[in-house]
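Order-wise, the sequence lines are chains Y and P.
The first sequence: position 42 = 42 (the working numbering), numbered continuously.
Every number in the working numbering is 1000 more than the matching position in the second sequence, counting from 1.
No residue lacks a Cβ here, since even glycine has one placed at the ideal position from N, Cα and C.
Since the structure is predicted, the reported quantities are computational estimates derived from the model, not experimental observations.
I have placed the structure first, in the form of structure tokens, so that the comments after it can refer back to it.
There are 2 protein chains.
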Amino acid sequence: MIATMARAATTSDVFNAIAEPQRREILVLLRAGERPVTELAQELGMTQPGASKHLRVLREVGLVRDRRAGKQRLYCLDARGLRPVHEWTGGFERFWNESFDRLDAYVQGLRPTGNTE
Amino acid sequence: MIATMARAATTSDVFNAIAEPQRREILVLLRAGERPVTELAQELGMTQPGASKHLRVLREVGLVRDRRAGKQRLYCLDARGLRPVHEWTGGFERFWNESFDRLDAYVQGLRPTGNTE
DNA sequence: TTGACGCATGCTGATATGGGCATATGATCG
DNA sequence: CGATCATATGCCCATATCAGCATGCGTCAA
Chain Y
1 MIATMARAAT TSDVFNAIAE PQRREILVLL RAGERPVTEL AQELGMTQPG
51 ASKHLRVLRE VGLVRDRRAG KQRLYCLDAR GLRPVHEWTG GFERFWNESF
101 DRLDAYVQGL RPTGNTE
Chain P
1001 MIATMARAAT TSDVFNAIAE PQRREILVLL RAGERPVTEL AQELGMTQPG
1051 ASKHLRVLRE VGLVRDRRAG KQRLYCLDAR GLRPVHEWTG GFERFWNESF
1101 DRLDAYVQGL RPTGNTE
């Protein structure tokens, strides 16, 4: 393993897990309660295998848990893993609240990412 | 664009930008104030080209801005882009605060009293 | 102008990823 | 047991990504 390691495995980090838009959508959907794979896949317009793969990643970082229910497997949210992310970003709160010296003016013409959900 | 698109470009999404541990470290360092590339590279134990590349990604999603200062190029934080992330994760706050009905028990590594609802 | 310095880029190699698809695995029912 | 739904996996492909290295480019000093 002198390898070059292109990137830390997505499966090992919550930050990476939620870097995927579709995985974020899954999490949002699961706020409404546990759901079987097929239903999630359908509501998000992805294939069943696709949903399963994303769910696996989410499960491996602990953001979701699964439970057997007959033939189905119900996935439910375990958002505790998101807390570190919330806190980490929170560490920058004062930097977007305080109107920087001249930062505000400087950046006036920029367009924030604005990707809210 | 018939492509299979393996993943949304990192450069287009803040979530992706902060999925990289080293980039997060850069952001943390920049809270202390603007810094030239070489200094960042040195403090984070990465090569100068490496730092430049990460800084580029951060710049393209708007998390940092740069300013010429003689031969140097000073990078400074613009954390506003982190706000959406903070808010998105915040949308899950109640899920890690409220002690779920039986979630708490369930997850604490034990079996519920057979009370499966 | 010539260097030296500071930083950005381009290129390569190894690997991680996500999507599509076919198929294995599991569980339920007749 | 065999048929069938519900999921998980394995494979392949195209692409994204990261690290290392060499090099291009702009700036400042002599």
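Report task. Identify the continuous beta strand (DSSP E) that holds P/VAL1064 and give its terminal residues. Result -> Taken as a continuous stretch (DSSP letters only), the beta strand (DSSP E) holding P/VAL1064 covers 1064–1069.
Query raised in the report: Out of P/ALA1041, P/GLU1093, P/PHE1015 and P/GLN1042, which has the shortest C-alpha to C-alpha gap to Y/ASP78?
Result: When C-alpha distances from Y/ASP78 are compared across P/ALA1041, P/GLU1093, P/PHE1015 and P/GLN1042, the shortest belongs to P/GLU1093.
Query raised in the report: Which residues, in chain order, does the stretch 1068–1090 of chain P contribute to contact with chain Y at a C-beta distance below 9 Å?
Result: Taken in chain order, the members of the stretch 1068–1090 of chain P whose beta-carbon sits within less than 9 Å of a beta-carbon on chain Y are CYS1076, LEU1077, ASP1078, ALA1079, ARG1080, GLY1081, LEU1082, ARG1083, PRO1084, VAL1085, HIS1086, GLU1087, TRP1088, THR1089 and GLY1090.
Report task. Could you tell me which residues DSSP puts in a beta bridge with Y/PRO36? Result -> Beta-bridge pairing links Y/PRO36 to Y/LEU74.
Query - Reference Y/PRO21, options P/SER1012, P/ARG1065, P/LEU1029 and P/ILE1026, closest by Cα - result: For the set P/SER1012, P/ARG1065, P/LEU1029 and P/ILE1026, the Cα lying nearest the Cα of Y/PRO21 is the one of P/SER1012.
Query raised in the report: For Y/ALA32 and chain P, any beta-carbon pair shorter than 9 Å?
Result: Taking Cβ atoms only, chain P never reaches closer than 9 Å to Y/ALA32, which makes this a no.
Report task. Return the Cβ separation of Y/VAL61 and Y/ALA19 in integer angstroms, given the expectation that the two are a contact with Cβ distance under 8 Å. Result -> About 11 Å; that fails the 8 Å criterion.
Query raised in the report: Does any C-beta atom of chain P lie closer than 9 Å to the C-beta of Y/PRO49?
Result: Residue-level contact by beta carbon fails for Y/PRO49 and chain P, as no gap is shorter than 9 Å.
**Report entry** Segment limits, alpha helix (DSSP H) that includes Y/VAL61
**Finding:** No alpha helix (DSSP H) contains Y/VAL61, which DSSP labels as neither H nor E.
Query - Beta carbon of Y/ALA51 nearer than 9 Å to that of Y/VAL64 - result: Result no, Cβ atoms of Y/ALA51 and Y/VAL64 do not sit closer than 9 Å.
Query raised in the report: Could you give the distance in angstroms between the alpha-carbon of P/TYR1075 and the alpha-carbon of P/LEU1044?
Result: Each residue's Cα considered, the two are about 15 Å apart.
Requested in this report: Identify, in the order they occur along the chain, each residue of the same chain with its Cβ nearer than 8 Å to the Cβ of P/THR1047, setting aside the five sequence neighbours on each side.
Outcome: Within the same chain, Cβ atoms closer than 8 Å to the Cβ of P/THR1047 are found at ALA1041, the five residues on either side in sequence being excluded.
Query raised in the report: By Cβ distance below 8 Å, which residues in the same chain neighbour Y/PRO49 in space, the five residues on each side in sequence not counted?
Result: Its chain contains no residue whose beta carbon lies nearer than 8 Å to that of Y/PRO49 once the 5 sequence neighbours on both sides are disregarded.
**Report entry** Inter-residue spacing [alpha-carbon to alpha-carbon] between Y/ASN97 and Y/GLU87
**Finding:** Between the alpha carbons of Y/ASN97 and Y/GLU87 lies a distance of about 16 Å.
Requested in this report: Give the secondary structure of Y/GLY81 by DSSP, where H, G and I count as helix, E and B as strand, and everything else as coil.
Outcome: When DSSP states are grouped into helix, strand and coil, Y/GLY81 belongs to the helix group.
**Report entry** N- and C-terminal bounds of the alpha helix (DSSP H) containing Y/ILE26
**Finding:** Here the alpha helix (DSSP H) through Y/ILE26 covers 21–30.
**Report entry** Residue-level contact to chain P via CB, Y/GLU60, 9 Å cutoff
**Finding:** Not an interface residue.
Query raised in the report: Would you report the Cα separation of Y/ARG23 and P/GLY1070, rounded to the nearest angstrom?
Result: C-alpha of Y/ARG23 to C-alpha of P/GLY1070: approximately 44 Å in a straight line.
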